[in-house]
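The letter at position 247 of the sequence shown is residue 1428 when you use the working numbering, and the numbering goes up by one with no holes.
Notes for the one structure printed next.
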Amino acid sequence: MLTKHNYKPRQSSYTSLITILSCLFALQFIDSSSFAKDTAKQVESSSSTNAKAAVPHPFFWDIKGSHGEIGHLMGTVHVPDERWAKLPKGLLADLDRADIVYGELDLTEKKAMTQEVMKIALLKNGDTLHKIIGDRLYGKLDRYLQSRGQSAAFLNGFHPKMVEMTLGLLDVMPLLMSGKPVLDEWLLKRAKTKGIKVDGVETLEEQTNALFYGTLAEAKISLEFTIDLLVKKKAQGIKPFDILFKAYFSGDEKQILKTIKGDLKNAPKEQLEAMNQLLNVRNHRMVNRIIKKLKQAPKKRQVFAFGVAHFVGPEGVVELLRKQGFKVQRRYAPKSKK
1182 MLTKHNYKPR QSSYTSLITI LSCLFALQFI DSSSFAKDTA KQVESSSSTN AKAAVPHPFF
1242 WDIKGSHGEI GHLMGTVHVP DERWAKLPKG LLADLDRADI VYGELDLTEK KAMTQEVMKI
1302 ALLKNGDTLH KIIGDRLYGK LDRYLQSRGQ SAAFLNGFHP KMVEMTLGLL DVMPLLMSGK
1362 PVLDEWLLKR AKTKGIKVDG VETLEEQTNA LFYGTLAEAK ISLEFTIDLL VKKKAQGIKP
1422 FDILFKAYFS GDEKQILKTI KGDLKNAPKE QLEAMNQLLN VRNHRMVNRI IKKLKQAPKK
1482 RQVFAFGVAH FVGPEGVVEL LRKQGFKVQR RYAPKSKK
C-alpha cells in the first residue's frame, strides 16, 4: 500500500465540494444583489447553449484488477452545468449497472455537513479577520471586493482559508446560487434514485483538515497570494473558472494539468504545502481506499467519482493505481493531436 508522501507538491486551483458548501453558507453574509442580477442571465444562457451540447470526452476510466476486480473512475468538476444530463449513453449505462457509487464524500446530508464545516470556518473568541490579517492586507482584500461590488466587512467573521476559498468562487456564484447540483452531487442523486448505494471514500473531518491545513500565519500568506493573483487576472480580463471549464469540456488531460499548474508558479511554500495536502496526500489515501474496497468486493461494480484534478498527472489516482498493478484505461478520450 502507499504510505509515503515525500514527493514534490503539485500546484492547483482545485475547488472542493466542502468549499462550495462553505461558500454557499457565506452567501448569507454577502450582499448577493450584485450577483442576483447576473444569475438569471447566466443560468438562462448556460441552459440555452448547453441544451444543444453534450460531453463527448468525459474523464472516465475502467479499472481491472488481477483478481477480477471491476471499477470505474469519473473525473468531475464541482460547478453546476446543464451538460451533465448529456453524458454519453454508454457511460450512463455503466453507472446504472454499478452496485455502489462513491464520491469524495457522501453528500446526502448536506445541511448537517455545512454546519460542521462552519464550526471551523467561523472565527471564535471575539477574533475577526481584520485582527488576524492586519490593516494592510485587510485593506487590500476590501479594495478587491469593492471592485466586485462587495465588502470585506461581510467576511470579517471568517477564517482566512474560508475567505480565500470564497474569493476563488466569486465568478461562479450565479451558478452556485441557481440551486442546480454540481456533477458529483448529480451523479450520487441519480444513483440513489435508481436504488444504487452511495457513499464517500473520505470523512468530513479528513477533507476539512486538508482545506484548513496550516497555521493562521500560513493562511495569511496564502490569502495575500490569492488576492494578488485575482487582482492580476481581473486586470487581464481573465476568469479562472472559464479556463477550467474549457479544459474540462475539451477532455484533454494535458490542459487540465496546465490549468492546475499555471497559476502558482511563484506561489509561496506555505501555499504549495497546503496544495500538497489538498491533492497529493489525499490522492494516496484515496487510492489505498479504492484498492481496499475493490479487493473486499471483487464481484461488485464500483464507481469512484472525484474532482478531475485528483486523476491527472504522475501523482494522480490513475497513475497511482497503475503502479499498484491495476489496469486503468480511459474511455471517450479525445484523439491525440499530432
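Yeah, the Cβ is synthetic: ideal placement off N, Cα and C, and Gly gets one too.
Here the structure is a predicted model, which means the values were calculated and not measured.
Beta-carbon proximity list for residue 1427, same chain, < 8 angstroms, skipping 5 on both sides: 1436
Euclidean distance between Cα positions of residue 1240 and residue 1317: 43 angstroms
Start-to-end residues for the alpha helix (DSSP H) that takes in residue 1266: Looking at the DSSP string, residue 1266 is not in any alpha helix (DSSP H), and its letter there is neither H nor E.
Pairwise C-alpha distance: residue 1283 and residue 1366: 11 angstroms
C-alpha gap between residue 1194 and residue 1293, whole angstroms: Bear in mind that the predicted position of residue 1194 carries a pLDDT of just 39, short of 50, making it unreliable; the figure below should be weighed with that in mind. Distance between the alpha carbons of residue 1194 and residue 1293 is about 26 angstroms.
Residue environment, residue 1515, which counts as buried when at least 16 other CB atoms sit within 10 Å: exposed
Cut-off 8 angstroms between Cβ atoms - residues of its own chain near residue 1468, not counting five sequence neighbours on either side: 1183, 1498, 1501, 1502, 1505
Local conformation of residue 1536 per DSSP, three classes: Coverage of the chain is limited to positions 1182 through 1519, which leaves residue 1536 absent and any answer about it impossible.
Nearest-angstrom Cβ-Cβ length linking residue 1364 and residue 1493, presumed shorter than 8 angstroms: With 8 angstroms as the limit, residue 1364 and residue 1493 do not qualify as a contact, their Cβ atoms being about 16 angstroms apart.
Member of 1411, 1455, 1262 whose CA lies at the smallest distance from the CA of residue 1324: 1411
Nearest-angstrom Cβ-Cβ length linking residue 1243 and residue 1512, presumed shorter than 8 angstroms: 6 angstroms
Option in 1479, 1305, 1490, 1486 with minimal Cα separation from residue 1339: 1305
Stretch pair the region 1341 to 1359 + the region 1435 to 1450: three plus CB contacts closer than 8 angstroms: no
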